[in-house]
Amino acid sequence: MKLLVTGGAGFIGSNFVFLVLTERPEWQITVIDKLGYAGDIETLDSIKDKIQFVKGDIVDNELVDKLVSENNIVVHFAAESHNDNSLTNPWPFVESNIIGTFNILEAVRRHKKRLHHISTDEVYGDLELDDPSKFTPTTPYNPSSPYSSTKAGSDLLVRAWVRSFGIHATISNCSNNYGPRQHVEKFIPRQITEILEGRKPKLYGTGENVRDWIHVDDHNSAVIAIIEKGVSGETYLIGANGEKNNKSVIETILKLMGKPMDEYEHVNDRPGHDLRYAIDNSKLTSELGWKPKYTDFEEGLKQTIDWYRNNASWWQKQKSETESKYAELGR
Ligand code: NAD
Ligand code: DAU
0 MKLLVTGGAG FIGSNFVFLV LTERPEWQIT VIDKLGYAGD IETLDSIKDK IQFVKGDIVD
60 NELVDKLVSE NNIVVHFAAE SHNDNSLTNP WPFVESNIIG TFNILEAVRR HKKRLHHIST
120 DEVYGDLELD DPSKFTPTTP YNPSSPYSST KAGSDLLVRA WVRSFGIHAT ISNCSNNYGP
180 RQHVEKFIPR QITEILEGRK PKLYGTGENV RDWIHVDDHN SAVIAIIEKG VSGETYLIGA
240 NGEKNNKSVI ETILKLMGKP MDEYEHVNDR PGHDLRYAID NSKLTSELGW KPKYTDFEEG
300 LKQTIDWYRN NASWWQKQKS ETESKYAELG R
């Protein structure tokens with residue numbers, strides 16, 4: 000197996016590379032990452048001799064063509080990934096998420112390679128808080144933000160390339176990930192690092208919004224299962240039954256870090272803020288036999304807090320610029 004991992008210096012992609020090196024040491028890995036604000040080459044420092052790293056942009060058609068031709072399967076994580084940024088400046092999202100995916104699809108088609116496309120549950124829009132239903136592979140697409148609409152666009156391109164050109168591709172749509180090496184702009188690491196720097200966590204709006212949390216290693220073990228057992232043309236939803244509202248997550252972080260559970264601030268809400276996401280993972284569990292390992296959210300959160308405590312030099316590089324951006328938005 001020769002894998003081309005796009006976005007492998009980002010949060011989920013780098014954790015995927017670490018997991019593959021442990022669980023499938025015989026697989027060869029090439030990472031392409033443009034090392035944008037969310038990509039950090041130091042993240043891959045400890046394994047730099049075990050992989051090939053190429054600093055490059057998936058918008059660069061010639062480079063993508065060459066790298067795809069040299070590998071068997073593309074595992075495509077690279078994307079602009081943060082909703083708040085997409086509300087400030089949507090263009091990089093169109094560029095990386097849609098044009099970048101188009102380039103990969105065309106290279107996969109030309110060289111008859113395989114693609115696994117990493118996507119998000121946000122393509123389905125949101126659910127009401129009191130709605131008993133969850134997202135399934137047949138839920139209609141209804142994205143809310145520039146981020147989720149460009150991810151939805153990229154999924155639709157993949158589906159069209161499967162049907163029209165017969166390329167060999169699978170798609171996965173996963174819920175909210177947490178774990179080590181996540182950029183401090185995201186909800187959980189932002190709150191942990193605010194507390195570590197002596198400030199209060201920041202809750203958008205009322206905090207009743209629900210996210211379906213999954214540990215990043217569980218997301219990536221599901222991706223490995225799809226690479227090994229997934230059926231071409233199929234979509235798999237990845238989730239671990241981890242629904243929690245934002246207020247309760249902040250309270251749990253405060254508790255685990257030894258602070259009073261009400262020591263947080265309410266800040267401006269996100270425009271168009273999706274209310275609730277929830278994944279029905281039954282296709283993944285029944286057809287591919289996948290099971291999550293991190294079933295205790297508090298334990299996973301505790302390990303994540305410890306990682307941020309022990310790796311301050313990794314996240315401090317990102318912190319002040321991130322907080323300046325939030326300050327301008329009153330968030
Ligand atoms: P991230 O922002 O931490 O990492 C993205 C990586 O992609 C970065 O290293 C960045 O430099 C790279 N990248 C971006 N544009 C690029 C380009 N044009 N060319 C080359 N490299 C580029 O994001 P993440 O949270 O690790 O998300 C990875 C993927 O997983 C994304 O496709 C995202 O939509 C999807 N996803 C994320 C979550 C989540 O909770 N974070 C959940 C479901 C799906
Ligand atoms: O559902 C999958 C998606 O999850 C992925 O596709 C995205 O790439 C990923 O960023 C994530 O999107 P969210 O918008 O749900 O994640 P975020 O971490 O930005 O916010 C999670 C929730 O927390 C959301 O309801 C907004 C809220 N929030 C966020 C921040 C940064 C706060 O209340 N306070 C904050 O400071």
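For the sequence shown, numbering that gives the first Met the number 0 gives the first residue as 0, with consecutive numbering after it. Yeah, the Cβ is synthetic: ideal placement off N, Cα and C, and Gly gets one too.
Here DSSP, grouped into helix, strand and coil, assigns Ala-168 to strand. By the Cβ rule, the segment 145 to 161 counts as touching the segment 76 to 93, because three or more pairs are nearer than 8 Å. Between the segment 252 to 260 and the segment 102 to 117, the count of C-beta pairs closer than 8 Å stays below three; the two stretches do not touch. Nearest C-alpha to Asp-64 among Asp-39, Leu-274, Thr-5: Thr-5. Taking a 10 Å sphere around the C-beta of Gly-329, we find fewer than 16 other C-beta atoms and assign the residue as exposed. Minimum Cα-Cα distance from Pro-179 among the listed residues Leu-236, Pro-188, Ser-171 corresponds to Pro-188. Under the three-state reduction of DSSP output, Asp-216 falls in the helix class. When only Cα atoms are considered, Glu-94 and Leu-43 end up about 25 Å apart.
Beta-bridge pairing by DSSP links Gln-302 to no other residue. With a cutoff of 8 Å on beta-carbon distance, Thr-135 and Asn-70 are scored as not near each other. By the C-beta density criterion, Asp-211 is buried, having at least 16 other C-beta atoms within 10 angstroms. Distances from the CB of Leu-202 to the heavy atoms of ligand 2 include at least one below 7 Å. Straight across, the Cα-Cα distance linking Gln-27 with Met-0 is about 6 Å. Relative to ligand 2, the beta carbon of Asn-309 is positioned no closer than 7 Å to any heavy atom.
Taking a cut-off of 8 Å for Cβ pairs, the segment 305 to 313 and the segment 157 to 164 do not touch, as fewer than three such pairs fall below it.
The shortest C-alpha to C-alpha distance from Glu-297 to any of Val-248, Gly-55, Gly-204 is the one to Val-248. Ile-103 carries a helical assignment under DSSP once its states are collapsed to helix, strand and coil. In the three-state reduction of the DSSP assignment, Asp-211 falls in the strand class.
Asp-125 sits in coil when the DSSP states are folded into three classes, being neither helix nor strand.
Following the DSSP letters along the chain, one finds Val-4 inside the beta strand (DSSP E) bounded by residues 1 to 5. Under DSSP, Asn-244 shares a beta bridge with Val-209. Less than 8 Å divides the Cβ of Tyr-235 from the Cβ of Ser-171. In the DSSP assignment, no residue is bridged to Tyr-293. The beta carbon of Phe-101 is closer than 7 Å to those of Leu-156 in its chain, skipping five residues each way along the sequence. In the same chain as Thr-321, and ignoring 5 residues on each side of it, the C-beta atoms closer than 6 Å to its own belong to Val-183, Glu-184, in chain order.
Beta-bridge annotation (DSSP): Leu-236 is paired with Asn-172. A distance of 8 Å or more separates the beta carbons of Leu-274 and Lys-246.
The C-beta separation of Tyr-276 from His-214 comes to about 16 Å, leaving the pair out of contact by the 8 Å criterion. In the DSSP assignment, Thr-119 falls outside any alpha helix (DSSP H) and lies within the beta strand (DSSP E) extending over 113 to 119. Sorting Gly-9, Ala-311, Gly-165, Ile-278 by C-alpha distance to the C-alpha of Ala-78 places Gly-9 at the top. Across the structure, Val-222 and Glu-196 are spaced so that their CA atoms are roughly 35 Å apart.
If you check the CB distance, Ala-239 and Pro-291 come in under 8 Å. If you look at Gln-51, you'll find it in the beta strand (DSSP E) that goes 51 to 54. By the CB criterion at 8 Å, Asp-125 and Ser-143 fall inside the cutoff.
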